[in-house]
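Participant:
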Amino acid sequence: MPVVNLWLLSLAHWGIDLLTHMLPPVMPLLVRELDLSVARVAALATALSVSSGLLQPVLGAAVDRSGRAWLLPATVIWCGVFMSVYGFASSYWVLMAAAVLAGLGAALFHPLASVGVRAVLGRFSAGGLSIFSVGGTVGMASAPLFATMVVGWQGLAGLRWSIVPALLVAGALVLGGLHRLPLIRPAASGSAADGSHSPTSPAGGAQETPAGGAHEAPAGDAPASPAGSAPASPGAGQEAAAPASPNALRALAYLAGGKFVRTIAQMAMANFLPLYYVTLGAPESYAGLMLTVFLVVGSFSAVASGYLADQVGRKPVVILSSVLATPAFIGFLFTGGFVQAAFLVLTSACMYATFSVVPIYGQELVPTRPGMGAGLLMGGVWALASLCLIPLGSVADWAGVRLALLVAALLPLLSAGLFLPVPETRPQSKPRLALTFPSRLVK
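For the sequence shown, the working numbering assigns the number 166 to the initial residue and increments by one for each residue that follows.
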């Protein structure tokens, strides 16, 4: 059932990102019906984004210590409850508290679910995480449609129906048994205290076999025991995660730095792209269409790059996409017509190539702290990068949108330099989710 469970986690990601991205589409309604300023309404969306992003590394570390799979459906319901508050409350500070608390649920869900991907597949898999990530992308795209539908039906009070998709998604997770996932893997008998090592190297990469390939325990099995020690007994209790080594944390810092720089460029493109087309004289409908193209291509790229990274390694995908993103981005800014559209597609493919690869890369670097690694790279980095849009917006006001995007275009190349010191973590040689039929069915 790993494929079914993986898609259930992707469905949960859809629900969380649907719920936590409903504020921007209803901002005009909040301004009009609650007599709020645009700045105060924007602060609600900012509070939700910051609380859901900056807290992810902290809550991810908590997941590593005491994973509680029942929190997967609980966090979805949590977000649904607090987003439905917007259909009842008229006090600004009640709305602000609801935004922060909904963000807290999303902050816990993301590292919890990313560790869940590993649990259902039995190993780290960028391809698997890319399927999980697509659910979030579709959720973000669905938020305006859902919000527009419910407020068109009942006005601002329609937001109380946010609880319905939350309950449906949570119910699907419980029916699939994901609330009982063993998120903390049984520990091997050896420990850092007695000098034995885990199956991963101190730098966080997977242990190499003599042939140079990655060695990893079969899916669903406990990690291999060190030579000369007895394997962990099936009924043994679970052990708290060991601390990551200094080398692993240093590598994770370089990876997070590179991801942070890349993410600024990616967010600048996603946020300023429609405005750039309008400054060129294009109609707003065309600008919106090109933004859709950018996001759709990026979603496909995230999936394809995840599976590619499982075959050739994380580092080649991360560095090559960073090096290619800068010339593609610059080409987009200084061309027009079909050539510009082609450069836009290439830019999107390069920008989103690391969307699911980097979180898995980080988990492999600190395999005893996968929740913390995923929370840092899926939430913390994104929250900090979003704050950098303010100075880029100031550059756009001062010297034009093209110059602001040109500054952003140079950032992926800078990120490649930060990725260079990060050690490779070789993937399993054979993918877990092979798209083949069992031999007994084709004889």
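Where a beta carbon is used, it is the ideal one built from N, C-alpha and C, also for glycine.
Treat the numbers as computed from the prediction; the structure is a model and nothing was measured.
For Leu575, which residues in the same chain have their Cβ closer than 7 angstroms to its Cβ, ignoring the five residues on either side in sequence?
Facilitator: If you number the sequence shown from 1, residue 575 lands on position 410. Shown here for Leu575: same chain residues with a beta carbon closer than 7 angstroms to its own, the five before and five after excluded, namely Thr491 in chain order.
Participant: Among the residues of its own chain, which have a CB less than 8 angstroms from the CB of Val458, if the five just before and after it don't count?
Facilitator: For this step, residue 458 is matched to residue 293 along the sequence shown. Closer than 8 angstroms at Cβ, skipping near neighbours: Ala506, Leu509, Val510, Ser513.
Participant: Return the chain-ordered list of same chain residues with a C-beta closer than 7 angstroms to the C-beta of Leu498, the five sequence neighbours on each side being excluded.
Facilitator: Taking the sequence shown and counting its residues from 1, the one referred to as residue 498 is at position 333. When the five nearest sequence neighbours on each side are left out, the beta carbons in the same chain lying within less than 7 angstroms of the beta carbon of Leu498 are those of Arg567, Leu570, Leu571, Ala574, in order along the chain.
Participant: Can you say whether Ser256 is buried or exposed, counting buried as having 16 or more other CB atoms within 10 angstroms of its CB?
Facilitator: Counting from 1 along the sequence shown, the entry for residue 256 is found at position 91. Exposed, since its Cβ has fewer than 16 Cβ neighbours within 10 Å.
Participant: Leu583 lies in the alpha helix (DSSP H); which residues open and close that run?
Facilitator: Along the sequence shown, read from residue 1 onward, the residue named residue 583 stands at position 418. Run containing Leu583: 576–584, per the alpha helix (DSSP H) assignment.
Participant: Which of helix, strand or coil does DSSP assign to Pro588?
Facilitator: Within the sequence shown, the letter at position 423 stands for residue 588. In this structure, Pro588 counts as coil in the three-state DSSP scheme.
Participant: Measuring alpha carbon to alpha carbon, tell me which of Arg345, Val169, Leu184, Ser214 ends up nearest Val315.
Facilitator: Translated into the one-based positions of the sequence shown, residue 315 becomes position 150. Of the listed residues, the one whose Cα sits closest to Val315 is Leu184.
Participant: Closer than 7 angstroms: is that where the CB of Ser464 sits relative to any heavy atom of the ligand MN?
Facilitator: Of ligands this structure carries none, so the ligand MN is not represented either.
Participant: Give the range of the alpha helix (DSSP H) segment to which Gly341 is assigned.
Facilitator: Taking the sequence shown and counting its residues from 1, the one referred to as residue 341 is at position 176. Neither: Gly341 is in no alpha helix (DSSP H) and is coded neither H nor E.
Participant: Got a sec? Which residues, its chain only, sit under 6 angstroms from Val215 by beta carbon, not counting five neighbours each side?
Facilitator: Residue numbering aside, residue 215 sits at position 50 when the sequence shown is read from its first letter. Contacts found: Ala548.
Participant: Are the segment 334–341 and the segment 257–264 touching by the rule of at least three beta carbon pairs closer than 8 angstroms?
Facilitator: Using a Cβ-Cβ distance cut-off of 8 angstroms, the segment 334–341 and the segment 257–264 are not in contact, since fewer than three pairs of beta carbons, one from each stretch, lie closer than that value.
Participant: So, helix, strand or coil for Pro367, using DSSP?
Facilitator: Position 202 of the sequence shown, counting from 1, holds the residue named residue 367. The pLDDT assigned to Pro367 is 36, lower than 50, so where the model puts this residue is not dependable, and the model offers no usable value.
Participant: Would you mind sorting Asp200 into buried or exposed? The rule is 16 or more other CB atoms within 10 Å of its CB.
Facilitator: Translated into the one-based positions of the sequence shown, residue 200 becomes position 35. Per the 10 Å Cβ criterion, exposed.
Participant: Please determine if the segment 241–248 and the segment 295–305 are in contact, where contact requires at least 3 C-beta pairs separated by less than 8 angstroms.
Facilitator: no
Participant: Which whole-angstrom value is the C-beta distance of Leu273 and Leu213, which I expect to be below 8 angstroms?
Facilitator: Working through the sequence shown from its first residue, we reach residue 273 at position 108. Working through the sequence shown from its first residue, we reach residue 213 at position 48. That pair is no contact at about 14 angstroms.
Participant: Along the chain, where does the alpha helix (DSSP H) that runs through Val265 open and close?
Facilitator: In the sequence shown, counting from the first residue as 1, residue 265 sits at position 100. Where Val265 is concerned, the enclosing alpha helix (DSSP H) stretches over 257–286.
Participant: Keeping to the same chain, check which residues put their C-beta closer than 7 angstroms to that of Gly347; ignore five residues upstream and five downstream.
Facilitator: Looking up residue 347 in the sequence shown gives position 182. Per the sequence presented here, residue 347 reads as Pro, with Gly not at that position. Same-chain partners within the cutoff: Ala284.
Participant: At which residues does the alpha helix (DSSP H) containing Phe247 begin and terminate?
Facilitator: To locate residue 247, count along the sequence shown from 1; it is residue 82. Its alpha helix (DSSP H) spans residues 236–249.
Participant: Measuring CB to CB, does Gly281 end up less than 8 angstroms from Ile181?
Facilitator: One-based indexing of the sequence shown puts residue 281 at position 116. One-based indexing of the sequence shown puts residue 181 at position 16. Going by C-beta atoms, Gly281 is not nearer than 8 angstroms to Ile181.
Participant: Can you tell me the Cα-Cα spacing of Gly317 and Met192, whole angstroms?
Facilitator: Along the sequence shown, read from residue 1 onward, the residue named residue 317 stands at position 152. Along the sequence shown, read from residue 1 onward, the residue named residue 192 stands at position 27. Going by the C-alpha atoms only, they are around 14 angstroms apart.
Participant: Which of the three DSSP states is assigned to Ser135 in this structure?
Facilitator: Look at the range of the chain in this structure, 166 to 608, and you will see that residue 135 is not part of it.
Participant: Give me the Cα-Cα distance between Cys515 and Leu485, rounded to the nearest whole angstrom.
Facilitator: Here residue 515 is taken as the residue at index 350 of the sequence shown, counted from 1. Here residue 485 is taken as the residue at index 320 of the sequence shown, counted from 1. Approximately 8 angstroms between the Cα atoms of the pair.
Participant: Within 10 Å of its beta-carbon, does Arg345 have 16 or more other beta-carbons around it, so buried, or fewer, so exposed?
Facilitator: Counting from one through the sequence shown, the residue named residue 345 turns up at place 180. Classification for Arg345: exposed.
Participant: From Cys553 to Gly527, what distance separates their C-alpha atoms?
Facilitator: Locating residue 553 in the sequence shown gives position 388, where the first residue counts as 1. Locating residue 527 in the sequence shown gives position 362, where the first residue counts as 1. When rounded, the distance between both Cα atoms is 23 angstroms.
Participant: Label Gly301 either buried or exposed according to how many other C-beta atoms from any shown protein chain fall within 10 Å of its C-beta, with 16 as the threshold for buried.
Facilitator: Position 136 of the sequence shown, counted from the start, is the residue given in the question as residue 301. Its Cβ being crowded by 16 or more others within 10 Å, Gly301 is buried.
Participant: Using only alpha-carbon positions, find the residue among Ala177, Leu310, Val587, Thr500 that is nearest to Ala239.
Facilitator: Along the sequence shown, one-based indexing puts residue 239 at 74. Answer by Cα proximity: Ala177.
Participant: Is the distance from the Cβ of Leu438 to the Cβ of Leu456 below 8 angstroms?
Facilitator: Numbered from its first residue, the sequence shown carries residue 438 at position 273. Numbered from its first residue, the sequence shown carries residue 456 at position 291. Cβ atoms of Leu438 and Leu456: closer than 8 angstroms.
Participant: Any idea if Glu529 is buried or exposed, counting beta-carbon neighbours within 10 angstroms, 16 or more meaning buried?
Facilitator: Here the question's residue 529 lines up with position 364 in the sequence shown. That one is buried.
Participant: Specify the secondary structure class of His186 as computed by DSSP and reduced to three states.
Facilitator: For the purposes of this step, residue 186 is identified with residue 21 of the sequence shown, where counting begins at 1. Note: His186 maps to coil in three-state DSSP.
Participant: Under DSSP, the alpha helix (DSSP H) around Trp326 begins and ends at which residues?
Facilitator: On the sequence shown, position 161 is the one that residue 326 refers to. Segment: none, Trp326 is in no alpha helix (DSSP H) and carries neither H nor E.
Participant: Smallest Cα separation from Leu489: which of Ser580, Gly501, Ala433?
Facilitator: Numbered from 1 along the sequence shown, position 324 holds the residue referred to as residue 489. For the residues Ser580, Gly501, Ala433, the minimum Cα distance to Leu489 belongs to Ser580.
Participant: Between which residues of its own chain and Gln431 is the CB-CB distance below 7 angstroms, once the five residues before and five after are set aside?
Facilitator: Taking the first residue of the sequence shown as 1, we reach residue 431 at position 266. Closer than 7 angstroms at the Cβ level, and outside the excluded window around Gln431, lie Met516.
Participant: Within the continuous alpha helix (DSSP H) that includes Asp200, where are the two ends?
Facilitator: Numbered from 1 along the sequence shown, position 35 holds the residue referred to as residue 200. Run containing Asp200: none; DSSP gives neither H nor E here.
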